[in-house]
Every structure is written in structure tokens, then in C-alpha cells.
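A.B. asks: Sharing a structure with you now.
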């Protein structure tokens, strides 16, 4: 009898363990991997991804992946945790084939956000669902805003120089500035007045150095426009212009991103040459991608292959309203 009770206890324990394992296997677990975890944009993406996780009851695993080695290690980590899929913004889009192969090996579904994976020939890997920013269209928004504000101020366009803070080795950066140039020239801005100012890195200091050279070499212009990859690029140009005596009335800079640096400009008592920024909402990129992955895992509903989002012009006059509208 004692042996029978022991056998029953063992069977009960085994069933309990099996039940727990089954529950763990049923649990949806999704990774969200980003290249610069310390950046506010990615922090916001994670925040909205966590909102989706709370609403749907799945587990979110957040991992920073600043290098190719970290990416591959993170995918192994997710596989070891029995995750079923992950969203990733890679530190280098050329990691595409390695990421796809590793995900397949680990039986993990994969989606990309912000930066799209490319294959060995540099072409987008279209089989991987992607949510990105329509870089060219956002650039067009920047160019249109610059042209409209210059028109409002009654500037003679022949006397206006436009500084293109360039970082052409990043396709997204080139697409943004190409879009801005297209909108500017469509509005009648002289293409000859657009000055190319390459920056070594995508920060304010390097943008300052690039813009400083451009302004010094073109003393004929009375007014300046500035555009580039992000807010930092434009802030660098604004600071360079200020250093050479340009006042807010002589400078129009429109950035991209809606960063804290941009908000700090708007909060200053006196207006600066930083006129506006095209705010990109991280909500869709964090919340919607994570929900799409959940539906894919839970219900077999694959996401659209390509979703491109746009932004909204934010100035010091409408900053609070635009932030609220964009979920911030």
C-alpha cells in the first residue's frame, strides 16, 4: 500500500511538472532587440512594446545589441529562453543574412523595425516583415517646411544658402536629405544654393564642424536653411551659424526625430534658428510591431511585409499638441 501511495505521488509530481512545462511552452515570449538601448527613441519603443505585452499577457525580453556579436548572442539567448520570435533594429543592416540564418536555426520568427536588413548584394531582404520610416517622405516634409517658412519671412531666395548636413554612407540619411532637396527645389529654391557639408559622425559636434566650413566658404548668403539626418545635425548647423553672427531671424533649421535636444530649443526664452523638427512616433514602431509579432505567433497571422510610417512637423508653437497626438 505504501509503495502504491509512493507511486501515485511520483505520478502526480510528474504530471504537475509536465503541466508546468506545457504552460511554459504555451507562454508567448517575444524579444525586442535594439542597437542603441540608451537612446530615448529606443527607450520609447520599448515602453510601448511593454504596453502591448501587458495588454496581451505575453513576456517581453528587451536586449541591447550594439554589435554583430551581441546580435547573434542575443538570438541564442532568446532560443534558450524558449521565445518564439523577436523584433530587431540591427547595428548594421549588412548583418541581414546572418540574422535570418540564426533565426531560422533557432526556429524564431523575425521582424525588423527602423532599419531594414539587406542581403549580400545590398538589396532589402523582403521576406522579413519590416516597419520603417519613410525616409524620403519625411525629408520632403522637412524641405516643404523650410520653403514655406522662408516664404513667410519674405526672403529673396537668391540670398539664401541651404546647408545639407550629409551622412551618405547611411542610406536612410541620404534618402532624408534627398527628399528635402526635392521639396525645396520643387518650391523654387535654387539648387546651386544648396551646400553639401559632410559630417564624420551623426552627432552635433561633427555637424557643427561641417556647417562651420560651409558657412565660412559662402559669405555671400544673408540667410541660411539647414537640414540633415536628425535633430543633432541641424542643431550643429544652427550653433555654427550663431557662432558666425547669424540670429534666429536669419536661420531656419528643421530637424528630424523630435528629440529632447529639440524640445530644449523650444523651451528657451528666446527663439533660435532651430525652427522645427519632424516628430516620428515610436509608438507604432514599439507597440504595433510587438502586437503584430504576437498575432503571428499566437494566431498564425503574418504581418505585412512592409509598413512605412511618417511624421509630423513640430515647432515651439505646437509642441505640446503634436506630442499628445503622437502618443508621447
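In our numbering, the protein residues as written are 52 to 379.
Ideal Cβ placement from N, Cα and C applies to all residues, glycine included.
A quick note: this is a predicted structure, and the numbers were derived from the prediction, not measured.
Which whole-angstrom value describes the C-beta separation of residue 162 and residue 133, a residue pair presumed to lie in contact below a C-beta threshold of 8 Å?
C.D. replies: No, residue 162 and residue 133 are not in contact; Cβ-Cβ is about 19 Å, not under 8 Å.
A.B. asks: Distance check for residue 191 and residue 361, CA to CA, integer angstroms please.
C.D. replies: Each residue's alpha carbon lies about 11 Å from the other.
A.B. asks: Just tell me which of 173, 112 and 201 has its CA closest to the CA of residue 303.
C.D. replies: Looking at the Cα atoms, 201 is the closest of the given residues.
A.B. asks: Helix, strand or coil: which one does DSSP assign to residue 275?
C.D. replies: Note: residue 275 maps to strand in three-state DSSP.
A.B. asks: Could you check what DSSP says for residue 183 in three-state terms: helix, strand or coil?
C.D. replies: Here residue 183 sits in strand by DSSP.
A.B. asks: Smallest Cα separation from residue 299: which of 335, 83, 317 and 341?
C.D. replies: It is 317.
A.B. asks: Could you check the C-alpha separation between residue 280 and residue 186 for me, to the nearest Å?
C.D. replies: The alpha-carbon atoms of residue 280 and residue 186 are separated by roughly 9 Å.
A.B. asks: Please determine, among 261, 282 and 246, the residue with the shortest C-alpha to C-alpha distance to residue 269.
C.D. replies: The candidate whose alpha carbon is nearest that of residue 269 is 246.
A.B. asks: Whole angstroms are fine: how far does the CA of residue 369 sit from the CA of residue 375?
C.D. replies: Those two C-alpha atoms are separated by around 10 Å.
A.B. asks: What number of angstroms, rounded off, separates the C-alpha of residue 235 from the C-alpha of residue 88?
C.D. replies: Between residue 235 and residue 88, the C-alpha separation is close to 34 Å.
A.B. asks: Can you give the Cα-Cα distance for residue 58 and residue 104, rounded to whole angstroms?
C.D. replies: Caution applies to residue 58, whose pLDDT of 44 falls short of 50 and renders its modelled position unreliable; the value that the coordinates give is listed next. So the alpha carbons of these two residues sit roughly 41 Å apart.
A.B. asks: Using the three-state DSSP reduction, which class does residue 360 fall into: helix, strand or coil?
C.D. replies: Strand, per DSSP.
A.B. asks: Could you name the residues of the same chain whose beta carbon sits closer than 6 Å to that of residue 366, not counting the 5 residues immediately before and after it, in chain order?
C.D. replies: So the qualifying residues of the chain are 327.
A.B. asks: Does the structure place the region 149-158 close enough to the region 336-349 that three or more beta carbon pairs sit under 8 Å?
C.D. replies: No: the two stretches stay apart, fewer than three of their Cβ pairs being nearer than 8 Å.
A.B. asks: State the start and end residues of the unbroken alpha helix (DSSP H) segment that holds residue 294.
C.D. replies: Its alpha helix (DSSP H) spans residues 282-294.
A.B. asks: Would you mind giving the Cβ-Cβ distance between residue 96 and residue 333, rounded to the nearest angstrom? I have them listed as a contact below 8 Å.
C.D. replies: Confirmed, Cβ separation roughly 5 Å.
A.B. asks: Roughly how many whole angstroms lie between the Cα atoms of residue 167 and residue 176?
C.D. replies: Residue 167 and residue 176: Cα-Cα distance of roughly 8 Å.
A.B. asks: With DSSP as the reference, label residue 134 as helix, strand or coil.
C.D. replies: Residue state, collapsed to three classes: coil.
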